[in-house]
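Working notes, beginning with the structure itself.
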Amino acid sequence: SQTIHQWPATLVQPVGSPLSLECTVEGTSNPNLYWYRQAAGRGLQLLFYSVGIGQISSEVPQNLSASRPQDRQFILSSKKLLLSDSGFYLCAWSVGGQGFQPQHFGDGTRLSIL
Amino acid sequence: EDQVTQSPEALRLQEGESSSLNCSYTVSGLRGLFWYRQDPGKGPEFLFTLYSAGEEKEKERLKATLTKKESFLHITAPKPEDSATYLCAVQAPPNSNSGYALNFGKGTSLLVTP
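Those sequence lines, one after another, are chains P and G.
Just so you know, we're using this note's numbering here: the first sequence kicks off at 112 and counts up by one.
Just so you know, we're using this note's numbering here: the second sequence kicks off at 108 and counts up by one.
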């Protein structure tokens, strides 16, 4: 069966520091991968989407970036964090090359910026 | 612009008291409507996918239905362990930026008391 792992579970970072969040998927090949942010009262916002290694689409402009160095690895990064980057970050995967498929989420990273 | 609206925002039920959650959507070319359950501090857990008006899906005490404008999640004789936030999402035709991304509602927070 397929599993998705995200780490760390919680993170407290000072303003201006760098960020790296990692997500890996097991049990499937060539998945579509997604990064979402969930803010209180605002629902889930799509940040990045990837259909393959090195292929990244950005949904909203911001100081975050994403990379996909391997088929089942998705990384969310920032060079300098802002206070507004606080939130709950979720990675998800779906069957590659197909629409109509549900997305399956990891347990997220709670990021607090001080 | 595609929109997903969930109501009510919060719902408190007595154990055994059946009710329904609503998800209204406006999207051109619906490709799928998804229901998720989210427990505090966790990622959303996939429940159902509905593809066409008139379709119904069931799982234990939950039943999801779909019309051309809305979906309902019916909860029959709920138990305290059904307490969670229930999220609805729609998938529109893919575009160059967001591919098969989901557009989420803000959720209904359900509390079932003994």
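For glycine and all other residues, C-beta sits at the position ideal for the given N, C-alpha and C.
What you are looking at is a predicted structure, and each value in this text was computed from that prediction instead of being measured.
**Message:** Quick check: the Cα distance between SER197(P) and SER223(P), rounded to an integer number of angstroms?
**Reply:** For SER197(P) and SER223(P), the distance between alpha carbons rounds to 5 angstroms.
**Item:** Cβ-based contacts, 9 angstroms cut-off: residues of the stretch 208-220 of chain P near chain G
**Value:** GLN209, GLY210, PHE211, GLN212, PRO213, GLN214, HIS215, PHE216, GLY217, ASP218, GLY219
**Message:** Counting only Cβ-Cβ distances shorter than 9 angstroms, please list the residues of the stretch 141-153 of chain P near chain G, keeping chain order.
**Reply:** ASN143, TYR145, TYR147, GLN149, GLY152, ARG153
**Request:** Can you tell me the Cβ-Cβ gap for LYS170(G) and HIS181(G), rounded? I've got them flagged as a contact below 8 angstroms.
**Result:** The pair is a contact, with the Cβ atoms about 4 angstroms apart (cut-off 8 angstroms).
**Request:** Could you tell me whether any Cβ in chain P is nearer than 8 angstroms to the Cβ of THR54(G)?
**Result:** Only positions 108 to 221 of chain G appear in this structure, which leaves residue 54(G) out of reach.
**Message:** With three or more C-beta pairs closer than 8 angstroms as the rule, is the stretch 137-154 of chain P touching the stretch 186-203 of chain P?
**Reply:** yes
**Item:** Whole-number beta carbon distance between PRO125(P) and SER205(P), since they are thought to touch under 8 angstroms
**Value:** Incorrect: roughly 35 angstroms between the Cβ atoms, too far for contact.
**Proximal residues to SER112(P) (C-beta, below 7 angstroms), its chain only, five neighbours per side dropped** = GLY138
**Inter-stretch contact at 8 angstroms, needing at least 3 Cβ pairs: the stretch 114-132 of chain G / the stretch 168-183 of chain P** = no
**Message:** The beta strand (DSSP E) that contains ASN141(P), what's its start and end?
**Reply:** Here ASN141(P) belongs to no beta strand (DSSP E), and DSSP marks it neither H nor E.
**Request:** Answer yes or no: the CB of GLY139(G) versus the heavy atoms of the ligand NAP, is any distance below 7 angstroms?
**Result:** In the structure shown, the ligand NAP is absent, as is every other ligand, since no ligand is present at all.
**Request:** Determine the contact status of LEU154(G) and ARG144(G), defining contact as a CB-CB distance below 8 angstroms.
**Result:** yes
**Request:** Anything in chain G within Cβ reach of SER223(P), meaning under 7 angstroms, just list it in chain order.
**Result:** None at all; the shortest Cβ gap to chain G is about 13 angstroms.
**Request:** Report yes if the CB atom of LEU217(G) is closer than 8 angstroms to the CB atom of LEU140(G), and no otherwise.
**Result:** no
**Request:** Using the Cα positions of TYR158(G) and GLN212(P), report the straight-line distance between them to the nearest angstrom.
**Result:** 10 angstroms
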